[in-house]
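The next block holds one structure in the form of structure tokens; read it before the comments.
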Amino acid sequence: MLQCVPGGRYIIVFLFSFSGSVKLGLWLAVVSHHSTVHGALEFIPKELYPVLFKAAFMDKRTLVLQDLVQTWPFPVLSFQKLLRKCQHCDRALLQEKPNKLCDPIGLFSLSFLCSFFLVFPSKRQCLQVLDMTGLQDDGIDQGPESMSLWSRTVTLAKACIDVSKHQSKCTKRTSKRRKGPYSSSVTLPPPQPVSVEVHVDLFVNSTSYGVLKDALQNNANSVLRLKCRDFRAEELPIASTVGLLEFLDPTGVRQVDLRFNNLGLSGLRVILPHMAKFTNLVSLKLPYSNIDVRRLSAGMEGSLHYFATQLSRLSCLKELNLGSSRLSGKLRQLLGDLQGPLESLELAFCYLLPNDLAYLSQSLHTPTLKKLDLSGNNLSDSLLQPFQHLLEEASSSLLHLDIMECRLMDIHLESLFPALCRCSQLRYLGVFGNPLSARGLKNLLQRTMGLLYLQLVIYPYPVDCYSENLPWVSAELQQMLLTASRTDVVWTTNLCRHNTLDYFNL
């Protein structure tokens, strides 16, 4: 029986012979008995650990999860790999909203981390990397039982600080016990704990700055060493941002996202030199940075040039977001010296001019663009023809196109159809906020039916239906998709319910 430890261990080992085909339900039954799993751990083949972990996570068996991590037989424990679809279960658990009680970071309570890394050092000789990256961020329809990236950051930072304090106390106690019997000045060095790298994505603001700074400061001497992959900071002073960037391991950072920080060119001039050490930085996001190049003084011209020079030093850069900056006429100066082509470029609400799009369509970036966001720029007037040319040049690579709130009417969209329909790889199209009619939307659906990879279209409320009920328009569009056997495409007016494509998932 599963209730008894001896029987439990035999059942688990017996199930191993069927591990390639048994349903996850059998494993759920096993992990429901913590005492059984705990007593059988020394007999479990290491190949069973991943499926047991997934079953315990799915069933919110926190104690079983802790036991599995304490005895993890591999050098790397990656939540992203463990919780994806596998031969035992077709559920990708990372796509689901994590519960506070069984969140991959939440489950590592302060007391557990302390006991795991301090009291039981011998049980974790194999584990070198604890990878917590790739967990769902503050997301779609997030409920009260979910943990946000911000709360995960705070939880983990506090845990690291607590572990560091306990480590210091244990070291002092061990040192006292190891003093020589005849001389209080003679001591034997305490055993050095093996450190574990904790790979994480971090989200910090002014409220959580202090606790994260303290945790990162302890990195050098702690058994838990935070290694950030994606770093996001909001509404943070320049000095605080620079301070945290200096604490990050330069080899691990692939994305820096600084938004709502009111940096301006002068602030960016201070911050960007500190990013040169991130030799693997792929993505830089600086939306809402209060950049305005339309009325530059002589001194600000120098700052703009310096900004462009610092950008050019980021040799691995593939994604750049300068959204809500006023970049009129300066795109060539900003992007012209980059060492390699960009694959994702977000220039929403940037007050672009025709010569900006003309440069972009002739640049080294356009043939490699997978994601382009020009939302909020007026594409209905002088930018229409340059944008059409840009779309033609990017058509072979483009997967994600955002042209929301660009004042496009039916007649403008009609002129873009030849170029748009050449984007044969397109997966996402955002046209929300444009003054299109119901007829224009039907025409758009009909003309894009041949884009076989198209998965999601965010469309606006038709201008001729504001005073009527929208459902009949939606129903008609759905019927058109059904008739054309394209029910695989989602057409929606909801900006929040569906995830748009992230650059790293393109």
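Its first residue numbered 54, the sequence shown is counted upward by one per residue in the numbering used here. No residue lacks a Cβ here, since even glycine has one placed at the ideal position from N, Cα and C.
Closer than 7 Å: is that where the CB of residue i sits relative to any heavy atom of the ligand GDP?
i    : result
S293 : Looking for the ligand GDP in the displayed structure turns up nothing, as the structure carries no ligands at all.
Can you tell me the Cα-Cα spacing of residue i and residue j, whole angstroms?
i    : j    : result
P197 : H327 : For P197, the predicted model reports a pLDDT of 43, less than 50, meaning its position is unreliable and no value from the coordinates is stated.
N430 : W544 : 23 Å
L135 : L118 : 12 Å
G305 : S449 : 32 Å
N258 : S248 : 28 Å
Q181 : K222 : 23 Å
E95  : R114 : 19 Å
T536 : L325 : 53 Å
T294 : P524 : 47 Å
G352 : S368 : 27 Å
V122 : L498 : 50 Å
R492 : A528 : 14 Å
Q220 : S350 : 54 Å
R539 : M502 : 8 Å
S365 : P394 : 11 Å
R581 : L373 : Because the chain spans 54 through 559 in this model, residue 581 falls outside it and cannot be assessed.
C474 : F557 : 25 Å
C518 : C549 : 22 Å
R226 : T362 : 53 Å
V510 : S477 : 15 Å
Q438 : L494 : 21 Å
A472 : L444 : 6 Å
D194 : A210 : No answer about D194 holds up, because its pLDDT of 45 lies below 50 and its placement is not dependable.
Which residues in the same chain as residue i place their Cβ atom closer than 6 Å to its Cβ, once the five residues preceding and following it in sequence are excluded?
i    : result
L559 : K423 and L452
D455 : D426, S428 and G483
N547 : none
D345 : R379
V129 : V182
L504 : L479
L163 : Confidence at L163 is low in this model, with a pLDDT of 44, below 50, so its placement is unreliable and no value can be given for it.
M457 : S428, G483, F485 and G486
E446 : S414 and T419
H91  : D120
F313 : E287, E288 and Y341
S396 : According to the sequence provided, residue 396 is Glu. The question's Ser does not apply to it. Cβ within range, chain order: K371, T421 and K423.
L316 : S342
Could you check what DSSP says for residue i in three-state terms: helix, strand or coil?
i    : result
R25  : Residue 25 is absent from the model: the chain starts at 54 and stops at 559.
E372 : strand
D215 : helix
S88  : helix
H551 : coil
H418 : coil
L452 : coil
Y481 : strand
R475 : coil
V510 : strand
L334 : coil
S259 : coil
A286 : strand
R347 : coil
R312 : strand
R307 : coil
K280 : strand
R379 : strand
K495 : helix
T224 : helix
D184 : strand
Since I believe residue j is in contact with residue i (beta carbons under 8 Å), could you give me their beta-carbon distance rounded to a whole number of angstroms?
i    : j    : result
N408 : G389 : 13 Å between Cβ atoms; not a contact.
F360 : L298 : The Cβ separation is near 16 Å, so there is no contact.
L334 : L370 : 6 Å
L398 : H418 : 7 Å
L534 : Y506 : Actually they are not in contact, since the Cβ atoms of L534 and Y506 sit about 15 Å apart, beyond 8 Å.
I217 : S275 : Sequence check: residue 217 is Ser here, not Ile. With a Cβ gap of about 5 Å, S217 and S275 count as contacting.
C281 : L301 : 5 Å
C459 : N496 : Incorrect: roughly 17 Å between the Cβ atoms, too far for contact.
L116 : H86  : Not a contact, Cβ separation roughly 11 Å.
W203 : F256 : 5 Å
Within the same chain, show all residues whose beta-carbon is closer than 7 Å to that of residue i, passing over the 5 residues directly before and after it, in chain order.
i    : result
G355 : none
F470 : R500
Q270 : F300
R322 : S356, Y359 and F360
S490 : D463, P515, V516 and D517
Y512 : V484, F485, L494, W544 and T546
Residues in its own chain within less than 8 Å of residue i by CB, not counting five upstream and five downstream?
i    : result
K99  : P126 and F127
L375 : L339, P340, S342, I344, L387, E399, L400 and C403
H277 : Checking the displayed sequence, the identity of residue 277 turns out to be Leu instead of His. The answer, listed in chain order, is L166, F170, A212, C213, V216, S217, S248, V249 and V251.
V84  : V90, L105, A108, A109, D112, R114 and V117
Check the Cβ-Cβ distances between residue i and every residue of chain D, and say whether any is below 8 Å.
i    : result
S201 : Here there is only one protein chain, and chain D is not present.
| said: Would the region 413-420 count as touching the region 459-473 if we require 3 or more Cβ pairs under 8 Å? | reply: Judged by Cβ distances under 8 Å, the region 413-420 makes no contact with the region 459-473, as fewer than three pairs qualify.
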